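In our numbering, the protein residues as written are 527 to 683.
Working notes, structure below.
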Amino acid sequence: SSDFVGIIHYMTVYVKNSKPTLSPLPTRQDFFADMGAETLFIGNSTFFTWDIMPWGLESVLEYLKQNYNNPPIYILENGNAMKHGSTLQDSETVEYIQSYIGAVLNAIKNGSDIRGYFVWSMIDLYELLSGYAYSYGMYYVNFSDPNLKRSPKLSAS
Numbered sequence: 527s528s529d530f531v532g533i534i535h536y537m538t539v540y541v542k543n544s545k546p547t548l549s550p551l552p553t554r555q556d557f558f559a560d561m562g563a564e565t566l567f568i569g570n571s572t573f574f575t576w577d578i579m580p581w582g583l584e585s586v587l588e589y590l591k592q593n594y595n596n597p598p599i600y601i602l603e604n605g606n607a608m609k610h611g612s613t614l615q616d617s618e619t620v621e622y623i624q625s626y627i628g629a630v631l632n633a634i635k636n637g638s639d640i641r642g643y644f645v646w647s648m649i650d651l652y653e654l655l656s657g658y659a660y661s662y663g664m665y666y667v668n669f670s671d672p673n674l675k676r677s678p679k680l681s682a683s
């Protein structure tokens, strides 16, 4: 049993079955190789940049409602990656967040039991797969400044 379903959603992709391709060398393991799934990007999406496709999240929410007895759902992470320091006028992120909140609202209106939605992230930070190259924060962090000065981006307003 479970108390709720937590969803981390950034991009919409198609996935197909594939055989795991693990390397016999322990230093050459990665999570892509052993997933047993192949990711097929849609449109101009890549692993770190993606098109805005909120219909993907809305479809997942509808699927969970219909096939898993409408569990309580929290969107734990949802956000848009941008090159770090590229702009404080992150209108693409604003459009992304507005579109996805709209999709969540549609799912709620259609009866999905959505309990929470969380944007990733409040401030720029070290990302596990991209280091400091890409940022998700609504506040820019100047990592060159010894005081780590923070500045609000458009998405913070």
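Note that beta-carbon positions come from the ideal geometry of N, C-alpha and C, so glycine has one too.
As the structure is a prediction and not an experimental result, all values here were calculated from the model.
Query, Result
"Label T572 either buried or exposed according to how many other C-beta atoms from any shown protein chain fall within 10 Å of its C-beta, with 16 as the threshold for buried.", "exposed"
"Whose CA, out of M664, N593, L654, lies closest to the CA of M648?", "M664"
"Beta-carbon within less than 6 Å of V667's beta-carbon, same chain only, minus the 5 sequence neighbours each way: which residues are those?", "I649, D650, L674, R676"
"Beta carbon of L566, beta carbon of Y626: below 8 Å?", "no"
"Can you tell which of G532, A563, K679, L680 has the C-alpha that lies nearest to the C-alpha of L602?", "G532"
"How is the alpha helix (DSSP H) around A563 delimited, first residue to last?", "Element bounds for A563: not the alpha helix (DSSP H) but the beta strand (DSSP E), 563-567."
"Suppose you measure from the CA of L680 to the CA of L614; what does that come to, to the nearest Å?", "6 Å"
"Tell me the DSSP secondary structure of S661 in three-state form.", "strand"
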